[in-house]
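Chains A and B are the protein sequences, given in the same order. Per the working numbering, residue 80 is the first one in the first sequence, and the count goes up by one each step. Per the working numbering, residue 3 is the first one in the second sequence, and the count goes up by one each step. Contents: one structure, followed by commentary.
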Amino acid sequence: MRGLSLASAALAMSLCACGTGDDVAGGGRAFCGAGGELTDCPDAERTAEAACWRLVDCGAIPVDHPEEFRFDWGRCVDGLETMREEYRRLVVSCIAASTCDQLRVDGSPDQPNLSQLYCWQLGDPR
Amino acid sequence: MRRTAWLTGAVLLSALAVASAQPVDVPALAKLIEKQPGGVDRATWKEQRRDAARKLAASRDKRAVPVLIRLAETETFDIIGEIAIEGLGNLGDPSAAPVLQKIANDPTRDKVARDLAKKAIAKLLAAGAPPAGDASDGATADTAAPDEAGAAPGDTASDAPGAHAVVDEGTTVGSSNTLLGEPRVAGAIPEGPALPDDTLAAYDRLTFAIGTAALSYDTVRDRPAFDVDVAGRWQKRVDRERMAWGLDAGAHVVAGFIDPDGEEQTRGAQVTLDGGGEVRFYSGKLYGVGKAVIGAQLNYLAVTEDDGDRFKDTRTHADVQIALGGGYGRVLDVGGAIRVRRLARTLEAARALGKPIDAATARRLQLAWWGLRGERSTYRALVATVAILREAGVLLGEPDAGLSYELLTVLRDTQLYVRPSGLDIQVAFGEGYLLRPDDDPTPFEDGRVEQLLVTAGYAEQLQDDKAELSGTAYARMRLFAPETQPSPWLVGATGRFRRFAYGEHGDPLGALDVAASVRLSNDGCVGTDCESALALRIEGQLGYTMWLNQASGLRLAGTVAQDGGELFFGAELSATFGLLDGTYAGI
């Protein structure tokens, strides 16, 4: 059921310039990460993968960091999937609903400081 | 003298009326028409039959109607058929409407018969519902309608769909058996919102989405947990000939509380509010546009770790932005107009389309549906639709069970929401102020932000509205950024083709869609830790959506994407729940 999410068609129809429909995932830095509300992108799906794509879209993390153990899309998904269920749900929802400016932190995108990433702080402290 | 003349005239009129309504021996005339009498040659009998048909047509006797209907249907090579058609119009009995309608639309009948049938239909409509008097017993053919206030459903002579008129919330009364069952309480048909006459299209959407809402506690782990993710959005837009305006407002709340055994505890809340508006002024297809948006997000976080360390954070972001520009054309949601077209096609296929649905009727239908958008049941929408179509002379006669079902499927068709059509190209300059936390260590956009925004959209409905081709292109670039802030830019395009599937009787089954997109961007970042990089993403998607009810459905899709040199494959199953869509398209 993790892939099942309830999304709003209307939410997908924002004023954003990069809105390409509610069924086309984004990707690549700066696709949504600039311009404020006028160009903000729709919420992400409520899945670990989609939440991490939003971090990429917002220029908060890289798609694939050439150095091992750097925080990139793959490690983001791994991190979410190892969290306890209730923590993961909260983090995914938080990322999905955040504006890009909330998600970018010091060092983004190549070396993001996760201690500044508000939504990640809601995650499993274990 | 004048009084005498008036009296004389009245007497003459009375005499004419009596003469014209002179009782005739209907069974005898019917028998003469059916069977050639002995000792009468065929040519003479033919003349006698025609005379008999004329007498029946002038009789105003209800019993003559089935005889004339039979003649109208079967006598295609003798003028008696045309006499019967004309007579049915004169008798004014609504039960003749389906046959007349069938003849009028039957290409195998000759033009004279078809034209006579149309004239007869017009007479039925113009007559308003004159009863066909039964000369034999003096009873009226007009089935007495139940009293509107006291009638109960089912009290009518006919329980066929459409035989009830809506009067109040959840209350129906039987319609009188007047011409074509025209509802007595026409005013009860919802009129919907008041839109200006030159409205091209309009919509009003209210959508709620609940991602997750969970509350749990167990005594084994002694861990209460609660989290919620809810959102709502309202959108309204009206497109008129010379201007268009739209409003959009939304709210989103994500909150959670997790309290495992021990010191550890997590509390967090995120509230996002946004709203915006757009207005356009047209001169031909060219337009000037102004937009304004505001947005705010509040984050609260409180975490206590196992060792007792505590961390609290509260942040506020806010955006206020406007954009001014110009453009060409417009893209409208024509879902309402497509629904009307599907109704017409359904009636035509059932040979029940009296005449094309004109603009006024199309408008009335769509606004009635809009007025009933909050109804869980489609009952009132069906009743109102049938009443409007019959009142307009589009649907003649009671729809039978099969046609009623097909009309219902059109009304319930979820694939007719958000069906764009048109071309729109827009260039705008945006100016805004972004309020960010003072201690934000990252060199991102803050304060005044200017940007160039370019968008283009195209959509077309194809294959009798069963397919849709659409595309968007967009570009934006930040202008005049200070050296300490980034200047990101983005260009992209998306194309999509959708094919809608229907069952044999118009049941919407789902939609197959193919989409492709390409995006190129640069974050234009600044700072010692950042190397600005060009990002390219190419993506393709194939999906199938199965509709459940109004604007709600399940979707399964597969995606393949190439991003930053990496290849990604994905599958997605999603559910969407929407309600309260009201739309209108005057094209």
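Each residue gets a CB set at the ideal place from its N, CA and C atoms; glycine is no exception.
Determine the DSSP secondary structure at V336(B), reduced to helix, strand or coil.
coil
Looking only at C-alpha atoms, which of D229(B), S523(B) and L334(B) sits nearest to A216(B)?
D229(B)
Please list the partners that H319(B) has in chain A, where partner means a Cβ-to-Cβ separation under 7 Å.
T178, D180 and Q181
Who are the neighbours of N301(B) on chain A, taking C-beta pairs under 7 Å?
Q181 and Y197
D136(A): first and last residue of the uninterrupted alpha helix (DSSP H) it sits in
Bounds of the alpha helix (DSSP H) holding D136(A) are A127 to D136.
With a cut-off of 8 Å, do at least 3 Cβ pairs link the stretch 304-321 of chain B to the stretch 331-341 of chain B?
no
Please list, in chain order, the chain A residues whose beta carbon lies closer than 7 Å to that of T274(B).
A176
8 Å Cβ shell around R242(B) - same chain, five flanking residues per side excluded
P198, D200, T201 and L202
Does the stretch 255-263 of chain B come close enough to the stretch 283-300 of chain B that 3 or more CB-CB pairs lie under 8 Å?
Of all C-beta pairs linking the stretch 283-300 of chain B to the stretch 255-263 of chain B, fewer than three are shorter than 8 Å, placing the two stretches out of contact.
Is DSSP giving S523(B) helix, strand or coil here?
strand
So, with DSSP's three-state summary, where would you put I191(B)?
coil
Between C155(A) and chain B, is the shortest Cβ-Cβ distance under 9 Å, so that the two count as touching?
no
Please list, in chain order, all residues of the same chain as M479(B) whose beta carbon is under 6 Å from its beta carbon, the five residues on each side excluded.
L454 and W491
Where does N192(A) fall in DSSP's three states?
coil
Validate contact between the stretch 426-435 of chain B and the stretch 514-529 of chain B using beta carbons, cut 8 Å, 3 pairs:
no
E568(B) touches chain A at which residues, Cβ-Cβ below 8 Å?
V142 and D143
Output the distance between the C-alpha atoms of L208(B) and D276(B), rounded to the nearest integer angstrom.
15 Å
So what does DSSP say about V26(B), is it helix, strand or coil?
coil
Tell me whether the beta-carbon of T126(A) lies closer than 9 Å to the beta-carbon of E574(B).
yes
Is it right to say L102(B) is buried, meaning 16 or more other beta carbons lie within 10 angstroms of its own, or is it exposed?
buried
Do you know how far the Cα of S97(B) is from the Cα of A60(B)?
17 Å
Extract the residue ranges of the alpha helix (DSSP H) inside the stretch 360-447 of chain B, only unbroken runs of 4 or more that lie entirely within it.
361-373, 381-393 and 403-413
Out of Y435(B), Y407(B), P109(B) and A458(B), state which residue places its alpha-carbon closest to the alpha-carbon of G505(B).
Y407(B)
Would you say K293(B) faces chain A, with C-beta separation under 9 Å as the test?
yes
Would you list the one or two residues that DSSP bridges to P510(B)?
Y504(B)
Run through DSSP, which three-state label would T178(A) get?
Three-state result, T178(A): coil.
Taking only the alpha-carbon atoms, compute the straight-line gap between P422(B) and S472(B) and give it to the nearest angstrom.
8 Å
Roughly how far, in whole angstroms, is the beta-carbon of E602(B) from the beta-carbon of F482(B), given that I think they are within contact range, below 8 Å?
Outside the modelled stretch of chain B, which goes from 3 to 589, sits residue 602(B), for which no answer is possible.
Where T46(B) falls, given that 16 or more other Cβ within 10 Å makes a residue buried
It is exposed - the Cβ of T46(B) has fewer than 16 other Cβ atoms within 10 Å.
Local conformation of Y166(A) per DSSP, three classes
helix
Min CB distance P68(B) to chain A below 9 Å:
no
Distance cutoff 9 Å, beta carbons only. Does S576(B) sit that close to anything in chain A?
yes
Where D157(B) falls: helix, strand or coil (DSSP)
Only weak support is given to the placement of D157(B): the predicted model assigns it a pLDDT of 33, under 50, and the value that follows is read from those uncertain coordinates. Note: D157(B) maps to coil in three-state DSSP.
If you count every other CB in all the chains shown that lies within 10 Å of the CB of Y197(A), and 16 or more means buried, which is it?
buried
Name the chain A residues that come within less than 9 Å of A204(B), Cβ to Cβ?
Those within 9 Å of A204(B) in chain A number zero; the least Cβ separation is about 15 Å.
For a contact defined as C-beta to C-beta under 8 Å, what are the partners of I260(B) on chain A?
Within chain A, the residues whose beta carbon sits less than 8 Å from that of I260(B) are E165, Y166 and L169, listed in sequence order.
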